[in-house]
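Peer 1: Please find one structure pasted underneath; my questions will follow.
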Amino acid sequence: MLRLDSSSVRLGARASDKTDAIRQVGQLLVEAQFIEPGYVDSLLAREQVANTFLGNGIAIPHGVPKDRDLIKTTGVAVLQVPEGVEWNPGDRVNLVVGIAAKSDEHLQILGNLTDVLGDPAEAARLARTTNPEDIAARLSAGKQTPSQAAAAPLPEDPPRYFDTVITSPHGLHARPATALVDIAKGFQATLRARRGDRVADAKSLIALLNLGVASGASIRVMAEGPDADEALGALRAAIEQGLEEEEAAAPPVEAPSVEWQGLTLAGVAASPGMAAGPVWQYQRGKIVVAATARDPAAELVRLDRAIEAAKRELAELHQGVETKSGAGKAAIFKAHAELLEDRGLINATREAVRAEAFSAGHAWEQSYSRQAEALAAKSDAVLAGRAADLRDVGRQVLRLLAERIADAPKLPQTPVILLADDLSPSDTARLDPAYALGICTGAGGPTSHTAIIARSLDIPAVVGIGDSVLDIPDGTAVVLDGNSGTLVLEPTQADQSAARQVQADLAERREAERRACYRPAMMTDGTRIEVVANIAGPEEAAKAVEAGGEGVGLLRTEFLFLGRERAPTEDEQLAAYAQMIQALNGLPMIIRTLDIGGDKSVPYMAMPAEENPFLGERGIRLCLNRPELFRTQLRAIFRAAAGGPVRIMFPMISTLEELARAKALTEEVRRAVGAEPVEIGIMIEVPSAVMMAEELARQVDFFSVGSNDLTQYTLAVDRMHPLLSRQADGLHPAVLRMIERTVRAAEQAGKWVGVCGGIAADPLGVILLTGLGVRELSISIPSIAAVKAQIRGLDMARARGLAKRALACAGAAEVRRLR
Ligand code: PEP
Ligand code: MG
Numbered sequence: 005m006l007r008l009d010s011s012s013v014r015l016g017a018r019a020s021d022k023t024d025a026i027r028q029v030g031q032l033l034v035e036a037q038f039i040e041p042g043y044v045d046s047l048l049a050r051e052q053v054a055n056t057f058l059g060n061g062i063a064i065p066h067g068v069p070k071d072r073d074l075i076k077t078t079g080v081a082v083l084q085v086p087e088g089v090e091w092n093p094g095d096r097v098n099l100v101v102g103i104a105a106k107s108d109e110h111l112q113i114l115g116n117l118t119d120v121l122g123d124p125a126e127a128a129r130l131a132r133t134t135n136p137e138d139i140a141a142r143l144s145a146g147k148q149t150p151s152q153a154a155a156a157p158l159p160e161d162p163p164r165y166f167d168t169v170i171t172s173p174h175g176l177h178a179r180p181a182t183a184l185v186d187i188a189k190g191f192q193a194t195l196r197a198r199r200g201d202r203v204a205d206a207k208s209l210i211a212l213l214n215l216g217v218a219s220g221a222s223i224r225v226m227a228e229g230p231d232a233d234e235a236l237g238a239l240r241a242a243i244e245q246g247l248e249e250e251e252a253a254a255p256p257v258e259a260p261s262v263e264w265q266g267l268t269l270a271g272v273a274a275s276p277g278m279a280a281g282p283v284w285q286y287q288r289g290k291i292v293v294a295a296t297a298r299d300p301a302a303e304l305v306r307l308d309r310a311i312e313a314a315k316r317e318l319a320e321l322h323q324g325v326e327t328k329s330g331a332g333k334a335a336i337f338k339a340h341a342e343l344l345e346d347r348g349l350i351n352a353t354r355e356a357v358r359a360e361a362f363s364a365g366h367a368w369e370q371s372y373s374r375q376a377e378a379l380a381a382k383s384d385a386v387l388a389g390r391a392a393d394l395r396d397v398g399r400q401v402l403r404l405l406a407e408r409i410a411d412a413p414k415l416p417q418t419p420v421i422l423l424a425d426d427l428s429p430s431d432t433a434r435l436d437p438a439y440a441l442g443i444c445t446g447a448g449g450p451t452s453h454t455a456i457i458a459r460s461l462d463i464p465a466v467v468g469i470g471d472s473v474l475d476i477p478d479g480t481a482v483v484l485d486g487n488s489g490t491l492v493l494e495p496t497q498a499d500q501s502a503a504r505q506v507q508a509d510l511a512e513r514r515e516a517e518r519r520a521c522y523r524p525a526m527m528t529d530g531t532r533i534e535v536v537a538n539i540a541g542p543e544e545a546a547k548a549v550e551a552g553g554e555g556v557g558l559l560r561t562e563f564l565f566l567g568r569e570r571a572p573t574e575d576e577q578l579a580a581y582a583q584m585i586q587a588l589n590g591l592p593m594i595i596r597t598l599d600i601g602g603d604k605s606v607p608y609m610a611m612p613a614e615e616n617p618f619l620g621e622r623g624i625r626l627c628l629n630r631p632e633l634f635r636t637q638l639r640a641i642f643r644a645a646a647g648g649p650v651r652i653m654f655p656m657i658s659t660l661e662e663l664a665r666a667k668a669l670t671e672e673v674r675r676a677v678g679a680e681p682v683e684i685g686i687m688i689e690v691p692s693a694v695m696m697a698e699e700l701a702r703q704v705d706f707f708s709v710g711s712n713d714l715t716q717y718t719l720a721v722d723r724m725h726p727l728l729s730r731q732a733d734g735l736h737p738a739v740l741r742m743i744e745r746t747v748r749a750a751e752q753a754g755k756w757v758g759v760c761g762g763i764a765a766d767p768l769g770v771i772l773l774t775g776l777g778v779r780e781l782s783i784s785i786p787s788i789a790a791v792k793a794q795i796r797g798l799d800m801a802r803a804r805g806l807a808k809r810a811l812a813c814a815g816a817a818e819v820r821r822l823r
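In structure tokens, the structure reads:
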């Protein structure tokens, strides 16, 4: 391991300019017998072609590769310039880290530097310390030992701060830390969090994670700058609210416990349910990257592109999981995207590309692996587990920089129980539940994101069972008990039948629901509720019908526009709509016109950045401002409508004028295409539309309440907000009153109302909405059979009574307590 010796550290130096500083540090390298004197010119030559300023007052002069034969042995020297020296216009440097590297051993020092880079207070301490050991130890080890910390006085805390205790059940791990970083970034003030003698930039996720704050630990949050007080107020409120948004533990399940006879391996119950079948070892492919590259500038461009592409993929995963399972479960992908913003990580990679002529892939792999190792070394197991997040997101970028993927992972093509050392959230989110009967991992805990996502996909899972699972040969028959957290090896006949019994009981109810899924959802008094599907792509239409959907109540057409380089043409859209209409075989389909903007941005549309995208050019506003885009979609819809019953629905209507313009354009396109008229409806998702519902109802054929947005706009809670989104409960009486008003207005005009937001599949939501007079529920495909079964058991008088009581409640919690 390369160590920086304190004899190669010169404290209290002065430098007239950058060249002088480089010569001085070069002299230190010469004195330490690391280089021939000629290499000092090489250090200066490097400055002509590369910027060696890292940030936070640190620069790392190093020579050009062709002069490596002037290096006697790899080594590092540091010149401390407390008063600073100008490196580039506006960039002052206090620590000049001169590097003479024969191979890449010095990267360890660079890695430790990135740690300091994420920690301005630590950089400031090293810039002023009077003990060379401080610098030597910090750059050699990456973190202080307690005795070193005690010996080195920390810089004084600024006058504005508060002390608090982190009560999140698992400490400051990725999701709560992301929430803090999100808030901190909204302020200009310099914000730092201190735990004991370690201080982190509160705007850097990696730095915060590196603090290793476990549950119950106290931290000091400090601010300096113009809006320091506001920032501290916001951070304090967020911490006091608890920071967590997803229930950490697996939800309690009423599951029968089984006494297994076969050899059992005990792990942690992560997702309930039972699975029996052959195992299959999940292998990740090896990502092969080139070691070096000729053109650093081109590599830097590749790096930027890969990071941007990975961010787009994460946004899509976030959207997919959020649509299926809610914001809380999708939050991890937001945290992952935040890791890709980390300047320390990116700067270290860029530097390795420039300094070492490494390929972007090799440099990136080195940087994120080193950071992940530092996290993994934490004594707190939950925090150490966050190394997995960094590796996951690191691999996603690396895949985009790969030369090739050796032994690319095969996803199972027959139903299996997946075994793996660990599964990343993105691996898990991409699994097809039809082939993954169960998941068992050697590592991980019940709060791992893998566990959370397995629960949202309804896949039984056991985690943290130990590495021995990796030795089980493919095809071995096992039983996985996700209720107790057990893997049964060599299950006996009795075990097999016990497992089958539990599965059968569990499946019986679902099967009964499934068998009845094609029967209409008729309440006990004979009122019929239409249960239709929310879909996002062509292949889902057939699945909706199979699951008992009586049509499609919401086709989110924007998904046809995501993950592409340019907008789909009219013919491409026509083909997609026609495929769905054919699969629906006469059942109706409501096509919602493009709802882009807000959280759904499409890079190729060059949408200007907005302060408040949810209040900006979103949904119908975007289409009215880009009539050609709108016309193309409408033409495709009218051409497709010849093949089956289609309705058109406009999103985000907030005024009568918008509706009038949208209808006029639609009529113009219909005439041009020569198509028959179709029913036109609007989404009710903005309070102004509710207040004008009587007038709007006269202009349309139906309303569909977008309760996700109606909730965010009614309660003024951003549905994506990392902390507040859990308060955005669509069963809040304020939202229910909005829906009631909408239904009354529609009834007066003889029009019908559906609901296509998340509350339509919530068991209590189903009762309240039907009680309020909603006649169509549009929900995700997996919920269809259960919701239809629930409706068949519902009594209208009871539903009305409960709805009336809900409208009179004081808040969402009171509504949720209603029985
Ligand atoms: C809604 O807002 O409730 C809705 C269904 O639309 P989306 O979730 O696509 O915004
Ligand atoms: Mg909406």
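All residue numbers for the sequence shown refer to our numbering, where the first residue is 5 and numbers rise by one. Yeah, the Cβ is synthetic: ideal placement off N, Cα and C, and Gly gets one too. Computed from a prediction, not measured in an experiment: that's the story for all the values here.
#1: Which residues in the same chain as Q152 place their Cβ atom closer than 6 Å to its Cβ, once the five residues preceding and following it in sequence are excluded?
#2: Within its chain, find whatever has a CB closer than 6 Å to the CB of D599; leave out the 5 residues flanking it on each side and keep chain order.
#3: Can you pull the DSSP bridge partners for D95?
#4: Tell me the DSSP secondary structure of M4 in three-state form.
#5: Going straight from the alpha carbon of G826 to that of F706, what length do you get?
#6: Would you mind reading off the limits of the alpha helix (DSSP H) that contains G760?
#7: Quick one: what's H66 bridged to in DSSP?
#8: Does any heavy atom of the ligand PEP sit closer than 7 Å to the C-beta of E544?
#9: State yes or no: is the C-beta of M742 nearer than 7 Å to some heavy atom of the ligand MG?
#10: Looking at the strands, I want to know which residues DSSP matches up with E683.
#11: Please report the Cβ distance between I421 and G281, rounded to the nearest whole angstrom; I am assuming they are in contact, meaning their Cβ atoms lie under 8 Å.
#12: So is S20 buried or exposed if we call it buried at 16+ other beta carbons inside 10 Å?
#13: Taking three-plus beta-carbon pairs below 8 Å as touching, is the region 199-208 in contact with the region 353-361?
#14: On the DSSP letters alone, give me the boundaries of the beta strand (DSSP E) that K290 sits inside.
#15: Is there a C-beta anywhere in chain B that falls below 8 Å from the one on D73?
#16: May I ask you to verify whether the region 547-558 touches the region 580-588, counting CB pairs closer than 8 Å and requiring at least 3?
#17: In whole angstroms, what separates the C-alpha of V650 from that of G620?
#18: Does the distance from the C-beta atom of G271 to that of I469 stay below 8 Å?
#19: Output the boundary residues of the alpha helix (DSSP H) element that contains I771.
#20: Unbroken alpha helix (DSSP H) runs of length 4 or more, entirely within the region 365-410: which are they?
#21: For P150, which residues of its own chain have a beta-carbon under 7 Å away from its beta-carbon, when the five flanking residues on both sides are left out?
#22: Thinking C-alpha only, which one of K76, A571, L15, G710 is nearest S605?
#23: Tell me the DSSP bridge mates of C444?
#24: Given a cut-off of 8 Å on the beta-carbon distance, is the pair L394 and V293 in contact?
#25: Taking the C-alpha atoms as reference points, what is the distance between R316 and E87?
#26: Quick one: grab the DSSP three-state call for P477.
#27: Along the chain, where does the beta strand (DSSP E) containing M656 start, and where does it finish?
#28: With the cut-off set at 8 Å, would you say I825 and R403 are in Cβ contact?
#29: For P612 and I75, I'd like the C-alpha separation in whole angstroms.
#30: In the structure shown, what three-state DSSP assignment does T496 receive?
#31: Take E699 as the anchor and find which of G734, V721, I657 has the nearest alpha-carbon.
#32: Run through the region 545-624 for me and flag every whole alpha helix (DSSP H) of 4 or more residues, listed as ranges in chain order.
#33: Compute the Euclidean distance between the alpha carbons of R518 and A465, then round it to the nearest angstrom.
#34: Given this structure, state the Cα-to-Cα distance separating A197 from I785, to the nearest angstrom.
#35: With distances taken between CB atoms, is the gap from G710 to G761 smaller than 8 Å?
Peer 2: In short:
#1: For Q152, the predicted model reports a pLDDT of 35, less than 50, meaning its position is unreliable; a value from the coordinates is still stated below. Cβ within range, chain order: A141.
#2: Hits under 6 Å: E562, G623, P655.
#3: DSSP lists N92 as partners of D95.
#4: Because the chain in this structure spans residues 5 to 823, residue 4 falls outside the shown range and cannot be described.
#5: As displayed, the chain neither begins before 5 nor continues past 823, which places residue 826 out of reach and without an answer.
#6: Before going further, note that residue 760 is Cys rather than Gly in the sequence given. Premise fails: C760 is in no alpha helix (DSSP H) and is neither H nor E.
#7: Under DSSP, H66 shares a beta bridge with I103.
#8: Outside the cutoff, so no.
#9: Because no heavy atom of the ligand MG lies under 7 Å away, the Cβ of M742 does not count as near it: no.
#10: According to DSSP, which records beta bridges pairwise, E683 is partnered with R651.
#11: That belief holds up - the Cβ atoms of I421 and G281 are roughly 5 Å apart, short of 8 Å.
#12: By the 10 Å Cβ count, S20 comes out exposed.
#13: Between the region 199-208 and the region 353-361, the count of C-beta pairs closer than 8 Å stays below three; the two stretches do not touch.
#14: Run containing K290: 290-292, per the beta strand (DSSP E) assignment.
#15: No chain B appears in the structure shown, which is made up of a single protein chain.
#16: The region 547-558, when compared against the region 580-588, does touch it at the 8 Å Cβ threshold.
#17: V650 and G620: Cα-Cα distance of roughly 29 Å.
#18: Yes.
#19: Run containing I771: 767-776, per the alpha helix (DSSP H) assignment.
#20: With a minimum length of 4 residues, the continuous alpha helix (DSSP H) runs that stay inside the region 365-410 are 385-388, 391-404.
#21: Residue placement at P150 cannot be trusted, given a pLDDT of 35 that sits under 50; the coordinates are not used to answer.
#22: Measuring from the Cα of S605, the nearest candidate turns out to be A571.
#23: Beta-bridge partners of C444 (DSSP): L423, V466.
#24: V293 is positioned such that its CB atom lies no closer than 8 Å to that of L394.
#25: Near 43 Å, if we compare the C-alpha coordinates of E87 and R316.
#26: Of the three classes helix, strand and coil, the one that applies to P477 here is coil, per DSSP.
#27: Going by DSSP, M656 is part of no beta strand (DSSP E) at all; its letter is neither H nor E.
#28: Because the chain spans 5 through 823 in this model, residue 825 falls outside it and cannot be assessed.
#29: Roughly 51 Å between the two C-alpha positions.
#30: Secondary structure of T496 (DSSP, three-state): coil.
#31: Restricting attention to G734, V721, I657, the CA atom closest to the CA of E699 is found in I657.
#32: List check, alpha helix (DSSP H) in window: 574-588.
#33: Going by the C-alpha atoms only, they are around 24 Å apart.
#34: For A197 and I785, the gap between their C-alpha atoms comes out near 44 Å.
#35: Taking a C-beta distance under 8 Å as the contact criterion, G710 and G761 qualify as a contact pair.
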